[in-house]
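Asks: In the working numbering, the protein residues as written are 5 to 469.
Beta carbons are placed, not taken as given, at the ideal position from N, Cα and C, and that holds for glycine.
Here you go:
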């Protein structure tokens, strides 16, 4: 095993990229960054077994437990540029296959013990109370969060025994039971207000009043890891009365969610192949497609099927956006019909050769000015919600009145039930009588020209008036 003592990796990599290795070379590291912050970049992908920081050179080496974990980490950060303390950093494979340190080295190596949070003191263990069950609320749900994702994140802090997921008040939530209350306390300390993915899927964690979860089925909604023999049921887990009662008691957690979220990111979790890496295109098969799919990602290409004109293939920027659009739009009603959205077997939508698409059934939207999510870390990632009757309006010109906007939205064929300007009158909420009317209004009026080179922005709101 080689002993890295300088930043020679970056010089070599400019000429010839190193092959995959479980040791990763991190460059442009801000001088004030701690080892713990660098370790946090790797933890979601697997065990971190060592770290070597070169403070004078603004570089570091991070050793992952396996080469597979390192590859997953590099692949992710190739598509979502990493940053620490709002400063961009660069992650690549090192030429070294293992990290070793000796007493002559000026830098400090952190041993495998730091790949989890420090052990709790006896005082903190008492503060953890008697409940090993956490209640988790996930805000800004841009990418789908599965049972496997939760299990991989939270198992860093102890043995996860049971998980139940559900949706309440239009928010994805989960109950997660550890084998020990101390493990629950460790997880809460480390993960509360952290993002699973960059700028989205924010965890808000509190202790549940429950001390034990009763899981009836092992499926995509619930899992008892101590009882693999449980039936799968119908896939729609219903909470038993004890859980439902405890959730009512736990509802105070919703009031604790801060308006400004902690900007630190726990990086991305790609668990067991259930969540595709960003950057890989995702293709949907949609019946009765229309513009509202843009709310959940950037549409790259659309192809209306030649023999089935009410259906189309829609290529999103990546598989996560495709999953999000499918989960929020499948089953919604539009133009009196229920639209159906499923993942397609196609990886991309092919463009026809010149002159062959005489009916104009395929269109490329790669350079569309309507894309909301091109910029990494955009605030649009934090404002993605399921279709609702209430719409959020922004970019409103100062001279536009409430009556102007009510008339504009009434002309889409719906009924305006309520309206509310924000204080600066640049933004507003408008409530239609049904979700279907709100979808139609969004299709018709997002990017609507308001004059003076200003275009109205319309999205679904999580609030009501």
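With a cut-off of 8 Å on the beta carbons, I'd call residue 215 and residue 226 a contact; round off their distance for me.
Replies: 18 Å between Cβ atoms; not a contact.
Asks: In the DSSP assignment, the alpha helix (DSSP H) including residue 82 goes from what residue to what residue?
Replies: Where residue 82 is concerned, the enclosing alpha helix (DSSP H) stretches over 71-83.
Asks: Give every residue of the same chain whose Cβ lies closer than 8 Å to the Cβ of residue 24, excluding the five residues on either side of it in the sequence, and list them in chain order.
Replies: Excluding residues within five positions, the ones whose Cβ falls inside 8 Å are 71, 74, 75, 78 and 97.
Asks: Residue range of the beta strand (DSSP E) that residue 190 falls in?
Replies: Run containing residue 190: none in the beta strand (DSSP E); it sits in the alpha helix (DSSP H), 185-195.
Asks: Can you look up residue 251 in the DSSP assignment and give me helix, strand or coil?
Replies: Because residue 251 carries a pLDDT of 44, less than 50, the predicted location of this residue cannot be relied on, and the following value inherits that uncertainty. Three-state result, residue 251: helix.
Asks: Which class does residue 429 belong to by DSSP, given the choice of helix, strand or coil?
Replies: Residue 429 falls in the coil class under three-state DSSP.
Asks: Express the C-alpha separation of residue 184 and residue 352 in angstroms, rounding to a whole number.
Replies: Cα to Cα, the separation comes out at about 46 Å.
Asks: In the DSSP assignment, find the unbroken beta strand (DSSP E) run with residue 230 in it and report its ends.
Replies: Run containing residue 230: none; DSSP gives neither H nor E here.
Asks: Would you identify the three-state DSSP class for residue 366, choosing helix, strand or coil?
Replies: Three-state result, residue 366: strand.
Asks: Check whether the Cβ atoms of residue 167 and residue 154 sit closer than 8 Å, and answer yes or no.
Replies: A contact, by the Cβ cut-off of 8 Å.
Asks: Short of 8 Å in beta carbon distance, which residues of its chain neighbour residue 414, apart from the five on each side in sequence? Order them along the chain.
Replies: Excluding positions up to five away in sequence, the list reads 420.
Asks: According to DSSP, what are the bridge partners of residue 221?
Replies: BP columns for residue 221 are empty, so no partner.
Asks: Is it buried or exposed for residue 142, if we count other Cβ within 10 angstroms and need 16 for buried?
Replies: Per the 10 Å Cβ criterion, buried.
Asks: Candidates 156, 392, 92 and 335: which alpha carbon is nearest residue 443's?
Replies: Nearest C-alpha to residue 443: 392.
Asks: Taking all protein chains shown into account, decide if residue 417 is buried (16 or more other Cβ within 10 angstroms of its Cβ) or exposed.
Replies: Exposed, since its Cβ has fewer than 16 Cβ neighbours within 10 Å.
Asks: Residues in its own chain within less than 7 Å of residue 81 by CB, not counting five upstream and five downstream?
Replies: Excluding residues within five positions, the ones whose Cβ falls inside 7 Å are 95.
Asks: Buried or exposed: which applies to residue 53, given that a residue is buried once 16 or more other Cβ atoms fall within 10 Å of its Cβ?
Replies: Buried, since its Cβ has 16 or more Cβ neighbours within 10 Å.
Asks: For the beta strand (DSSP E) that contains residue 473, what are its first and last residues?
Replies: Lying before the first or after the last residue shown, residue 473 is absent from the chain, which here runs from 5 to 469.
Asks: Let me know if residue 83 comes out buried or exposed under the rule of 16 or more other beta-carbons within 10 Å of its beta-carbon.
Replies: Looking at its Cβ environment, which holds fewer than 16 other Cβ atoms inside 10 Å, residue 83 is exposed.
Asks: Quickly, what does DSSP pair residue 146 with across the bridge? List them, please.
Replies: Note: residue 146 sits in no beta bridge, so no partner.
Asks: Under 8 Å: do the region 34-44 and the region 83-92 share three or more Cβ pairs, one atom per stretch?
Replies: Segments in contact, yes.
Asks: Terminal residues of the continuous beta strand (DSSP E) containing residue 63?
Replies: Element bounds for residue 63: 63-68.
Asks: Spell out whether any CB of chain D is found under 8 Å from the CB atom of residue 199.
Replies: Reference to chain D is not applicable here, since this structure consists of a single protein chain.
Asks: Are the beta-carbon atoms of residue 188 and residue 151 separated by less than 8 Å?
Replies: Cβ distance not < 8 Å, so residue 188 and residue 151 don't count as in contact.
Asks: Between the C-alpha atoms of residue 357 and residue 348, what's the straight-line distance to the nearest angstrom?
Replies: Near 22 Å, if we compare the C-alpha coordinates of residue 348 and residue 357.
Asks: Can you give the beta carbon distance from residue 394 to residue 463, rounded, assuming they're within the 8 Å contact cut?
Replies: About 10 Å; that fails the 8 Å criterion.
Asks: Helix, strand or coil for residue 236, going by three-state DSSP, please let me know.
Replies: Reduced to three states, the DSSP call for residue 236 is coil.
Asks: Can you give the Cα-Cα distance for residue 434 and residue 173, rounded to whole angstroms?
Replies: Approximately 19 Å, taken between the alpha carbons.
Asks: Name, in chain order, the residues that DSSP records as bridge partners for residue 204.
Replies: Looking at the DSSP assignment, residue 204 forms a beta bridge with 201.
Asks: From what residue to what residue does the alpha helix (DSSP H) around residue 327 run?
Replies: First-last of the alpha helix (DSSP H) with residue 327: 323-333.
Asks: Would you call residue 329 buried or exposed, if buried means 16 or more other Cβ atoms sit within 10 Å of its Cβ?
Replies: Looking at its Cβ environment, which holds 16 or more other Cβ atoms inside 10 Å, residue 329 is buried.
Asks: Could you spell out the range, first to last residue, of the alpha helix (DSSP H) harbouring residue 444?
Replies: Note, residue 444: alpha helix (DSSP H), 439-449.
Asks: Within the same chain, show all residues whose beta-carbon is closer than 7 Å to that of residue 345, passing over the 5 residues directly before and after it, in chain order.
Replies: Once the five neighbours on either side are set aside, the close Cβ partners of residue 345 are 288, 290, 329, 330, 333 and 334.
Asks: Check this for me: beta carbons of residue 159 and residue 212, under 8 Å apart or not?
Replies: No. Outside cutoff.
Asks: Taking the alpha-carbon positions, what's the residue 432 to residue 44 distance?
Replies: Roughly 38 Å between the two C-alpha positions.
Asks: By how many angstroms is the C-alpha of residue 42 removed from the C-alpha of residue 316?
Replies: About 44 Å.
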